[in-house]
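J.: Reading the sequence shown from the start, the letters are residues 45 to 263 in the numbering used here.
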Amino acid sequence: KWKYDVYQEIASSYDMVREKLNEMLEKVRHNEYDAVVVMDVDRLSRNDYDASVIFKVLSDSNTAIVTPDKTYNWDNDGDNLLLKIQSIVAAQEYKQIRKRMQRGKEFASENGYWVHGIPPFGYDKDPDTRKLVPNDEAKHVQFIFNSIADGKTVSDIYHELNKMGVKTKTNSKFAFNSIMRIVNNEAYKGTIVFNRYIDKNKKKPKCEWKYVLNAHEAI
45 KWKYDVYQEI ASSYDMVREK LNEMLEKVRH NEYDAVVVMD VDRLSRNDYD ASVIFKVLSD
105 SNTAIVTPDK TYNWDNDGDN LLLKIQSIVA AQEYKQIRKR MQRGKEFASE NGYWVHGIPP
165 FGYDKDPDTR KLVPNDEAKH VQFIFNSIAD GKTVSDIYHE LNKMGVKTKT NSKFAFNSIM
225 RIVNNEAYKG TIVFNRYIDK NKKKPKCEWK YVLNAHEAI
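1. Confirm, please, whether the CB-CB distance from F165 to S199 is below 8 angstroms.
2. Quick check on this structure: which residue in A182, V177, N106 has the alpha carbon closest to the alpha carbon of A259?
3. Is A135 closer than 8 angstroms to R62 when the C-beta atoms are compared?
4. What residue range is occupied by the uninterrupted beta strand (DSSP E) comprising I238?
5. What residues are listed by DSSP as bridge partners for Y241?
6. Please state whether DSSP places V80 in a helix, a strand or coil.
7. Secondary structure at K233, three-state DSSP: helix, strand or coil?
8. Here's the rule: buried if 16 or more other CB atoms are within 10 angstroms of the residue's CB, otherwise exposed. What is M83?
9. Out of D86, N239, E76, state which residue places its alpha-carbon closest to the alpha-carbon of K250.
10. Could you check if A193 is buried or exposed, using at least 16 other CB atoms within 10 Å of its CB as the buried criterion?
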């Protein structure tokens, strides 16, 4: 019979870039809650540093953490120690999971499989071969490259596509950036490029990028 608010979002628990989490913590800072209920402590954070920040906010306001298995109270030294141990274990576990996923992604890329999110405009992903295959939009990609080869400007190209009623992958009108993304995407040469990022916000030097040529049919 508790009164409660629900904070739900789809996001990684590895960082603090989470709108709903921060919205909740702001209310916690103003002592609006007696407790925060989560399925497991690692749903709050799987990052050593961020976990300590979150725990401090909860501790300063004396807001308990409640899971299906246990209630963690900040006045209990044993609970404090257990939370610290669990956050360290969760962070290490997450790092290992990321390493395994990265190795799997690299292995798939080396074999020409598309494991890099939504296929580029002009391609679908074959569910059997797991490789990119051109679709009906491929003719618009060819139009873009041929137009540039003929000396047309990017502005000329996207205005022409919009006149023809062609839409982007997100069902939007074409603009300068959408054309440039296509022109600079090596997937259209049949090439897969991977090992480009240290994390989602930081790129590796280009000399460390890996390439798989003729991974799929070029457009």
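By construction, the Cβ of each residue, glycine as well, lies at the ideal position given by its N, Cα and C atoms.
T.: Considering the structure as presented:
1. For the purposes of this step, residue 199 is taken as the residue at position 155 of the sequence shown. For the purposes of this step, residue 165 is taken as the residue at position 121 of the sequence shown. Against a cut-off of 8 angstroms, the Cβ pair of F165 and S199 comes out as no contact.
2. The sequence position of residue 259 within the sequence shown is 215, counting from 1. The shortest C-alpha separation from A259 is found at V177.
3. On the sequence shown, position 18 is the one that residue 62 refers to. On the sequence shown, position 91 is the one that residue 135 refers to. The answer is no: Cβ separation not under 8 angstroms.
4. For the purposes of this step, residue 238 is taken as the residue at position 194 of the sequence shown. In the sequence under discussion, the amino acid at residue 238 is Phe, which differs from the Ile named in the question. Taken as a continuous stretch (DSSP letters only), the beta strand (DSSP E) holding F238 covers 236-238.
5. Position 197 of the sequence shown, counted from the first residue, corresponds to residue 241. DSSP output for Y241 lists K247 as bridge partner(s).
6. Your numbering for residue 80 matches position 36 in the sequence shown. In the structure shown, V80 sits in a strand (DSSP, three-state: E or B).
7. Taking the sequence shown and counting its residues from 1, the one referred to as residue 233 is at position 189. In this structure, K233 counts as helix in the three-state DSSP scheme.
8. Numbered from its first residue, the sequence shown carries residue 83 at position 39. Exposed: under 16 other Cβ atoms inside 10 Å.
9. What you label residue 250 is simply residue 206 of the sequence shown in a count that begins at 1. Nearest of D86, N239, E76 to K250, Cα basis: N239.
10. Locating residue 193 in the sequence shown gives position 149, counting from the first residue. Classification of A193: exposed, given that the 10 Å Cβ count is below 16.
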